[in-house]
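Residue numbers (my numbering): 4 to 286.
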Amino acid sequence: MKIATTIAEVRAQVAAWKKEGLRIGLVPTMGYLHEGHASLVDEAVRQCDRVVASVFVNPTQFSPNEDLDAYPRDFSRDCTLLESHGCHLVFHPEVEEMYLPGAATYVEILSEMPKQLCGKTRPIHFRGVCTVVSKLFNIVTPDKAFFGQKDAQQLAILRQMVRDLSYGIQLVGCPIVREEDGLAKSSRNTYLNAEERQAALVLSQAVFLGQKMVEEGERDTAKIVAAMTDHIAAQPLARIDYVSAVDGITMEPVSSIQGTVLVAMAVYIGKTRLIDNFIVEDV
Ligand code: PAF
């Protein structure tokens, strides 16, 4: 596995691969990788000939009050995981390589979509995500890019961006990977102490509760959201940011399960903000 720190190195390697007619897969990450990321690399290896993973903690998607400095980093451990899953090239740039002095251009979706769900408390987050992913697409020019369904709003927004900006790139959404007890894998789980780790189970429990209600025929999203909210609120260490049911494509709130519905939540456990969700395809 090769490691590149400059855009020029990535471009040269990708150009050589494209000359051989190889299909390129991109797995964008912020590092501190876990089995969720590994599953994206596995899928990319299955679907593409060469896999590029980026490891870059992107400053433009963090507000000043968020955890940019504290965000966990362990590049050598990341490389071990990526190599063992068959990644061919890691792009690990410095901030200055990605954002030149005076950089002033952003990619932003000007609909309500990035203002829903996480956008309500993270107003600049998706502008930063779209900007950095757009840059990675321009640098790597992949055939396919792989993202986790845990960040469902991010994936929906990136699909809109790819459509609007005519990127000829296929986005592949991969299922949420969970710990044995249900907690969705996240780099931020590392912030949790033992008591909080236990308390964090309310998120996946709420997901399973909501899924069960849907399976049993409940179609009223207000009832589903209320039951999930009550379950989480009973945990003293949990503080709800949101529990919402929205259209799976536009992210607009919906009152009944019809078409593709995303039921998503963000919950603080102590100081750590965690997200989880499930998608219902009602055909
Ligand atoms: O999902 C993430 O880890 C990040 O938002 C991404 C897509 C790598 C952009 O920085």
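Just so you know, even glycine gets a beta-carbon here, dropped at the ideal spot from N, CA and C.
Since this is a predicted model, take the numbers as computed values, not measurements.
Asked: Alpha carbon of Thr275 to alpha carbon of Ala19, nearest angstrom; Found: 43 Å
Asked: Inter-residue spacing [alpha-carbon to alpha-carbon] between Glu23 and Val17; Found: 10 Å
Asked: Candidates Asp233, Gln119, Leu206: closest to Lys188 by CA position; Found: Leu206
Asked: Assigned exposure category for Glu46 - 16 Cβ within 10 Å defines buried; Found: buried
Asked: Boundaries of the beta strand (DSSP E) in which Lys147 is found, first to last residue; Found: 147-151
Asked: Inter-stretch contact (C-beta, 8 Å, three-pair minimum) for the region 202-220 and the region 259-279; Found: yes
Asked: Buried or exposed by the 16-neighbour rule on C-beta atoms within 10 Å, applied to Gln157; Found: buried
Asked: Distance between Ile260 and Glu99 (C-alpha atoms, nearest Å); Found: 46 Å
Asked: DSSP state of Glu97 mapped onto helix, strand, coil; Found: coil
Asked: Sequence ranges, beta strand (DSSP E) only - wholly within the region 19-66, length at least 3; Found: 27-32, 53-58
Asked: As assigned by DSSP and simplified to three states, the class of Cys133; Found: helix
Asked: Status (buried if at least 16 other CB within 10 Å, exposed otherwise) for Ser247; Found: buried
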